[in-house]
Amino acid sequence: MHRVSIYTHDVATQFTSHLFPLYIFCDITRQMVTRTIDLRSDTVTKPTETMRLAMAKAEVDDDVLVYDPTARQLEKEMARVTGKEAALFVPSGTMGNLISVLVHCEIRGSEVILGDNSHIHIYENGGISTLGGVHPRPVKNNDDGTIDIGLIESSIRNPDFEICYPKTRLICLENSHANTGGRCLSVEYTDQVGELAKKHGLKLHIDGARIFNASAALKVPVDRLVRAADSVSVCLSKGLGAPVGSVIVGTEAFIARARILRKTLGGGMRQVGVLCAAALVALQENVPKLVTDHKNAKTLAEGLNKIKGLSVDIASVETNIVYFEILKGSHITALKLGKIMEEHGILLMPDSSSRVRIVIHHQVSASDVQYTLSCIKQAMTGVTDENGGS
Ligand SMILES: Cc1ncc(COP(=O)(O)O)c(C=O)c1O
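Using the numbering used here, you'd call the opening residue of the sequence shown number 7 and step up by one each time.
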């Protein structure tokens, strides 16, 4: 694999912005520091030096016995930021969603209304039903990640017919909505769904794997954005760039029950402060960088849209996820493009034969974006960009 040096690349661009001179420069100086531009997901980030240092120095104790001070510190901070009473560190977003749904739907045969294009419904192994006995009621997700409020209301089961119907207990939303390209649910929409849930005696859970991205894009603080929710699952290892884990937040009673379920599922970990220390650094260092990630995503989307044979719905790029289409009649498939990019040290995620996903994170720079555009343009059109970008 041809690997790219971010350091050498940056130094080189100070002397020349041409792509090929960049490589000549690298070869002459022999200062190549290998690095891949990994755009497959925001889950691929590596812990920074500050995180590694914090992990090495973390004060730890047994977290199953609720003694780990660094875990307590992270949970306290996450409860504060999200405006909820309490928080719990869990190993993954999948477990965070599973525990949340199971706490709200403790009685087997409960039903949850959720988007038909949501992560919980599509990518979490159907855990809510296989492990929790919860029945999913998928309703249509719009292209902006919302579900029509009327559709949610009409999907709530009529309790008068409980002889046949499962009982609706929960509504789940996802913000930002990954499969629609990281689009954000507005605070007004979320509040309306919260009102509806209250009116019918239901709970509202938000899969907030990327809620900090939504907050940055909407310019609405996280606590305000999730005020209507009874629980939120927040990933630390996506846009925030921590190596491992998620946190679920809710009332004290919700978290007490969640803690027991976490142990049941094998998610109780002992000296977990080592992981929480990195997450605390991520909160401090990377939240302010999300705006830059979104700007880089937009630049990438606009550049891709100018390349012959590609199409991007620019308006849908609200956060750090970019989907692009390879137009019909093109000589290249998404898989082939992915292979060619790999040779340039760029990793992408083909989503279908004609669709590719790119996710920006804090370890992707503006010059990485220009280099990526240049390589994609070359693969699509055979034309090399003179200015190293599109
Ligand atoms: C929206 C959303 N929710 C939940 C998850 C699950 O997170 P994890 O991979 O940590 O289980 C993901 C993972 O990509 C996601 O994108």
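The beta-carbon is built from N, C-alpha and C at its ideal position, and this holds for glycine as well. Note that this is a predicted model, so its numbers are computed, not measured.
Backbone CA spacing between residue i and residue j [nearest angstrom]
i, j, result
"V253", "I169", "37 angstroms"
"L94", "R265", "7 angstroms"
"H127", "L59", "38 angstroms"
"S373", "L231", "32 angstroms"
"R175", "V87", "27 angstroms"
"S135", "S358", "28 angstroms"
"T22", "L379", "Note on T22: pLDDT 30, under 50, position unreliable in the model; the coordinate value appears next. The alpha-carbon atoms of T22 and L379 are separated by roughly 17 angstroms."
"V107", "R163", "18 angstroms"
"Q198", "K204", "10 angstroms"
"L28", "R78", "For L28, the pLDDT reaches just 40, beneath the cut-off of 50, and the residue's location in the model is therefore unreliable, although a value from the coordinates is still provided. Cα-Cα distance, rounded: 48 angstroms."
"K269", "S161", "33 angstroms"
"T42", "P249", "18 angstroms"
"E201", "L333", "42 angstroms"
"D69", "Y377", "44 angstroms"
Nearest to residue i (by Cα), restricted to the options the options
i, options, result
"S182", "A283, A307, S322", "S322"
"V96", "G151, T88, I105", "I105"
"G344", "E55, E180, V66, V362", "V362"
"S192", "P356, G247, E180", "E180"
"I113", "S98, G138, K90", "G138"
"M61", "E349, Q198, A283", "A283"
"D213", "Y129, V70, V278", "Y129"
"P165", "T49, T51, I313, S116", "S116"
"N123", "D149, V293, C190, M101", "D149"
"A259", "N103, G207, V109", "V109"
Where the beta strand (DSSP E) through residue i begins and ends
i, result
"F330", "327-332"
"S210", "Residue 210 is actually Leu in this sequence, not Ser. L210 -> beta strand (DSSP E) spans 209-214."
"A92", "92-96"
"S237", "237-241"
"K173", "173-180"
"S120", "The question names Ser, but residue 120 is Leu in the sequence shown. It spans 116-121 - the beta strand (DSSP E) in which L120 sits, taken as one unbroken run."
"R143", "141-145"
Contacting residues, own chain, Cβ-Cβ under 7 angstroms from residue i (five flanking each side not counted)
i, result
"N311", "S317, V318, I320"
"G99", "A215, S239, C241, S252"
"Y195", "T152"
Beta-carbon spacing of residue i, residue j below 8 angstroms
i, j, result
"Y329", "G187", "yes"
"A235", "L210", "yes"
"A288", "I346", "no"
"L286", "E83", "yes"
"V255", "K90", "yes"
"L306", "N219", "no"
"L45", "L354", "yes"
"V66", "G279", "yes"
Short CB-CB distance (under 8 angstroms) between residue i and chain D
i, result
"V362", "This model lacks chain D altogether, as it is built from one protein chain only."
Delimiting residues of the alpha helix (DSSP H) encompassing residue i
i, result
"S252", "Taken as a continuous stretch (DSSP letters only), S252 belongs to no alpha helix (DSSP H), being part of the beta strand (DSSP E) at 252-256."
"I338", "Segment: none, I338 is in no alpha helix (DSSP H) and carries neither H nor E."
"I1", "For the chain, the structure presents residues 7 to 396; residue 1 sits outside this window and is missing."
Other residues of its chain near residue i: CB distance less than 6 angstroms, five sequence neighbours each side excluded
i, result
"I366", "D299, N302, A303, N326"
"L341", "P356"
"K146", "D122"
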